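>
Chains as they are written, first to last, in the numbering used here: chain A, 52 to 257; chain B, 754 to 1008.
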């Protein structure tokens, strides 16, 4: 059986590079523009760059919320949030103004400065992850592997059990999170060369 | 802690990749852009900078070509060369660029940095500055080093960052292509003025040169000739720097 892989296209983010990275591991994927078609897919990526506020506004405006929740909770299929796509899985975000997220992995998304980081923001470049807990997503990934980050905000998890790996940049913050069939990375696997491709492969193979 | 990046620079003249000396790039062709970028990508480099230095300014960007470049990279890619408007940047991002580098257009229109960084975020906007020493003073040049600017060098560095540049690429015209070492004084001058990441470019010819530029404060170490013309690869440099305790991204598959 071949699995169907989709990338949610809600007008936010460089989805082209994700599709190309999947091609490199021999996975064909479709852009999904209509929320009604979501359930035709087995594994879905929720990408995102820019602000939490813009991303969640766009998700709600284009009527994605209900489909995503149904996909995750009722169909129990696998969803992978990338960068801001991961952040909006949280309960609430504080970029620009308070906005309610999808609340799939409880937590809040705060500015790194507010979390205590005194280094230069945005956090941009290659940084290490420290693996905290075993997960399908980190299979064959050595501890302290580097990934490519671009972020000014970070997740504060409500439940430590959802923490798979964290990263240190003046302050520690979650870089990989997972709640059962739902996972997310703060870094960009599609821009993280071979280590990133391995992460994408782990998600597809799981 | 963030890693120090080793960055191959590619100069494309509209047909092939070229690499000359002191910004005179018409002499030596170094290969096909697509094959070269595929090799860098398969070698798991940290990042790639691709400059279009073709001089036909009226020429429209060929997006089929740009996609053939961006489609084969799974590391961050900066595109630069002949970029004058925010619309052009939008198109380049849509076609797979991760960062845009701007240079010559800024001398007439410095506000372009403000508009670009507001629209795309400063993390996506890299300002490139070409510098030459005249009577012991650093002077900014543009249009591939052919035009001299009136801007005061230090003020211009600060202005670019104040306007929203997320990163600076500092190219030494005097050291370019000679492989005798970076202009370390230039690098430390710039890194002492601003706190955005500075990418040093121009002059790398051996392992120690990279270490010296790192010591001068560079966050990214760019090079072209050493990768085109010698056996040295980005990975060999990373291994060398790693042994000297420079924070380097270890390659995922060690070989």
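Heads up, the beta-carbon is just placed ideally off N, CA and C, and yes, glycines get one too. If you're wondering where the values come from, they're calculated on a predicted model, not measured in any experiment.
1) Assign residue 785 (chain B) to one of two classes, buried (16 or more other C-beta atoms within 10 Å of its C-beta) or exposed (fewer than that).
2) Compute the Euclidean distance between the alpha carbons of residue 141 (chain A) and residue 153 (chain A), then round it to the nearest angstrom.
3) What number of angstroms, rounded off, separates the C-alpha of residue 1008 (chain B) from the C-alpha of residue 997 (chain B)?
4) Roughly how many angstroms separate the alpha carbons of residue 93 (chain A) and residue 85 (chain A), rounded to a whole number?
5) So what's residue 875 (chain B) in DSSP terms, helix, strand or just coil?
6) Alpha carbons only, please: which of B:958, B:992, B:756 and B:991 is nearest the one belonging to residue 983 (chain B)?
7) Could you tell me whether the segment 70-77 of chain A touches the segment 101-108 of chain A, using the rule of 3 or more Cβ pairs below 8 Å?
8) Mind checking which residues open and close the beta strand (DSSP E) that includes residue 69 (chain A)?
9) Let me check understanding here. Comparing Cα to Cα, which of B:900, B:925 and B:878 lies closest to residue 942 (chain B)?
10) Here's a check: name, in chain order, each residue in its chain whose Cβ is nearer than 6 Å to the Cβ of residue 62 (chain A), leaving out the five neighbours to either side.
11) Helix, strand or coil for residue 60 (chain A) per DSSP?
12) Which residues of the segment 171-188 of chain A have a Cβ closer than 7 Å to any Cβ of chain B? Give them in chain order.
13) Might you give, ordered along the chain, the residues of its own chain that have their beta carbon closer than 6 Å to the beta carbon of residue 233 (chain A), omitting 5 neighbours on each side?
14) For residue 249 (chain A), I'd like the list of residues in its chain whose CB is within less than 7 Å of its CB, leaving aside the five on either flank, ordered along the chain.
15) Please name the residues in the segment 201-234 of chain A whose beta-carbon is closer than 8 Å to at least one beta-carbon of chain B, in chain order.
16) In chain A, which residues lie less than 7 Å from residue 829 (chain B) when you measure between Cβ atoms?
17) Does any residue of chain A have a CB that is nearer than 8 Å to the CB of residue 1008 (chain B)?
18) Closer than 7 Å by C-beta to residue 158 (chain A): which residues in its own chain qualify, once you throw out the five before and the five after it? Chain order, please.
19) Suppose contacts are defined by Cβ-Cβ distances below 8 Å. Is residue 175 (chain A) in contact with residue 201 (chain A) by that definition?
20) Which residues in chain B sit within 7 Å of residue 75 (chain A), going by Cβ to Cβ distance?
21) Please name the residues in the segment 245-257 of chain A whose beta-carbon is closer than 8 Å to at least one beta-carbon of chain B, in chain order.
22) Do residue 805 (chain B) and residue 828 (chain B) have their C-beta atoms closer together than 8 Å?
23) For residue 993 (chain B), which residues from the same chain have a beta carbon less than 7 Å from its beta carbon, with the 5 sequence-adjacent residues on both sides left out?
24) How big is the Cα-Cα spacing for residue 929 (chain B) and residue 195 (chain A)?
25) Residues of the segment 775-787 of chain B with a CB closer than 7 Å to any CB of chain A: list them in chain order, please.
26) May I have the straight-line CA-CA distance separating residue 839 (chain B) from residue 849 (chain B), to the nearest angstrom?
27) Less than 8 Å between the C-beta atoms of residue 756 (chain B) and residue 177 (chain A), yes or no?
28) If residue 923 (chain B) sits next to residue 990 (chain B), beta carbons under 8 Å apart, how far is it from one beta carbon to the other, in whole angstroms?
29) Determine the direct distance from the alpha carbon of residue 858 (chain B) to that of residue 835 (chain B), and round the result to whole angstroms.
30) With three or more beta-carbon pairs closer than 8 Å as the criterion, would you say the segment 756-768 of chain B touches the segment 963-982 of chain B?
31) Any beta-carbon of chain A closer than 8 Å to the one on residue 1005 (chain B)?
32) Counting only beta-carbon atoms, is residue 816 (chain B) nearer than 8 Å to chain A?
33) Given a cut-off of 8 Å on the beta-carbon distance, is the pair residue 224 (chain A) and residue 138 (chain A) in contact?
34) Just list the residues that DSSP pairs residue 893 (chain B) with in beta bridges.
35) Grab me the residues of residue 999 (chain B)'s own chain with a C-beta within less than 8 Å of its C-beta, minus the 5 sequence neighbours each way, in chain order.
36) Apply the 10 Å Cβ neighbour rule to residue 842 (chain B) and answer buried if 16 or more other Cβ atoms are within range, or exposed otherwise.
This is what the structure gives:
1) exposed
2) 6 Å
3) Because the pLDDT of residue 1008 (chain B) is 39, which lies under 50, any placement of that residue in the model is unreliable, and the question is left without a value.
4) 16 Å
5) helix
6) B:958
7) no
8) Not the beta strand (DSSP E): residue 69 (chain A) falls in the alpha helix (DSSP H), residues 66-75.
9) B:925
10) 109
11) Reduced to three states, the DSSP call for residue 60 (chain A) is coil.
12) 171, 173, 175, 176, 177 and 178
13) 123, 130 and 155
14) 191 and 192
15) Contact residues of the segment 201-234 of chain A toward chain B are 201, 219 and 220 (C-beta to C-beta distance below 8 Å).
16) Per Cβ cutoff of 7 Å: 199 and 242.
17) Confidence at residue 1008 (chain B) is low in this model, with a pLDDT of 39, below 50, so its placement is unreliable and the value that follows should be read with caution. Not a single CB atom of chain A sits nearer than 8 Å to the CB of residue 1008 (chain B).
18) The beta carbon of residue 158 (chain A) sits closer than 7 Å to the beta carbons of 141, 142, 206, 207, 208 and 209 from its chain, once the five residues preceding and following it are set aside; these are given in chain order.
19) yes
20) 827
21) 245, 246, 247, 248 and 249
22) no
23) Taken in chain order, the residues that qualify are 960.
24) Approximately 36 Å, taken between the alpha carbons.
25) Under the 7 Å Cβ criterion, the segment 775-787 of chain B contributes no residue.
26) Residue 849 (chain B) has its alpha-carbon roughly 15 Å from the corresponding atom of residue 839 (chain B).
27) Going by C-beta atoms, residue 756 (chain B) is nearer than 8 Å to residue 177 (chain A).
28) About 19 Å; that fails the 8 Å criterion.
29) 8 Å
30) yes
31) yes
32) no
33) no
34) B:884
35) 757, 964 and 967
36) buried
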